[in-house]
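Enquirer: For the sequence shown, the positions run 95 to 207 when this note's numbering is used. Cβ atoms here follow ideal geometry from the backbone N, Cα and C, with glycine treated the same way.
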Amino acid sequence: MTQQDVERGKKNAIISYITIFGVIIAYFLNNEPHKKSAFASFHIRQSLGLWLTLFILNLSIVSKFDIFMLRFSVYIFFFALYIYGLYSAISGKAQKVPLVGGLYQKVFSNLGN
95 MTQQDVERGK KNAIISYITI FGVIIAYFLN NEPHKKSAFA SFHIRQSLGL
145 WLTLFILNLS IVSKFDIFML RFSVYIFFFA LYIYGLYSAI SGKAQKVPLV
195 GGLYQKVFSN LGN
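Right, dumping it as structure tokens:
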């Protein structure tokens, strides 16, 4: 990724971390031919993976248990990962989210190429 690519995709990368709708908006903005950015695609994959994992964990595992500390710890964990990803996008770095970022890049490798 060049510095020009990072600057071109920075706005879409940041938008992708703002709710699940931000991921959808950033995806379509990044697919415009003259605005395509590998940097934005990287962060869109990271953010989409985080949102989907949170929804799947919340619906399948966390919702089955009525334990406040379990729910709270899952939300805090994902909040920390979102902050890490958002900070990475703002600072112009393509750093994978800890623990799960590599998996997201593999699973969503066709997204945004």
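Residue range of the alpha helix (DSSP H) that isoleucine 155 falls in?
Expert: Residue mapping note: residue 155 aligns to position 61 of the sequence shown, counting from 1. Per DSSP, isoleucine 155 belongs to no alpha helix (DSSP H) and is neither H nor E.
Enquirer: Could you tell me whether the Cβ atoms of serine 131 and tyrosine 111 are closer together than 7 Å?
Expert: On the sequence shown, position 37 is the one that residue 131 refers to. On the sequence shown, position 17 is the one that residue 111 refers to. Not closer than 7 Å, so no.
Enquirer: Just the Cα atoms here: how many angstroms apart are alanine 174 and leucine 180?
Expert: Along the sequence shown, one-based indexing puts residue 174 at 80. Along the sequence shown, one-based indexing puts residue 180 at 86. Computed Cα separation, rounded: 10 Å.
Enquirer: Which word fits serine 154, buried or exposed, when buried means at least 16 other C-beta atoms lie within 10 angstroms of its C-beta?
Expert: In the sequence shown, counting from the first residue as 1, residue 154 sits at position 60. Exposed, by the Cβ-count rule.
Enquirer: Would you call the stretch 98–112 and the stretch 122–131 touching, i.e. three or more CB-CB distances under 8 Å?
Expert: When C-beta atoms of the stretch 98–112 are compared with those of the stretch 122–131, three or more pairs fall below 8 Å, so the two segments count as touching.
Enquirer: Going straight from the alpha carbon of isoleucine 150 to that of aspartate 99, what length do you get?
Expert: Reading the sequence shown from its first residue, position 56 is the one you call residue 150. Reading the sequence shown from its first residue, position 5 is the one you call residue 99. Each residue's alpha carbon lies about 32 Å from the other.
Enquirer: Are tyrosine 198 and arginine 139 touching if we call contact CB-CB under 7 Å?
Expert: To locate residue 198, count along the sequence shown from 1; it is residue 104. To locate residue 139, count along the sequence shown from 1; it is residue 45. Yes.
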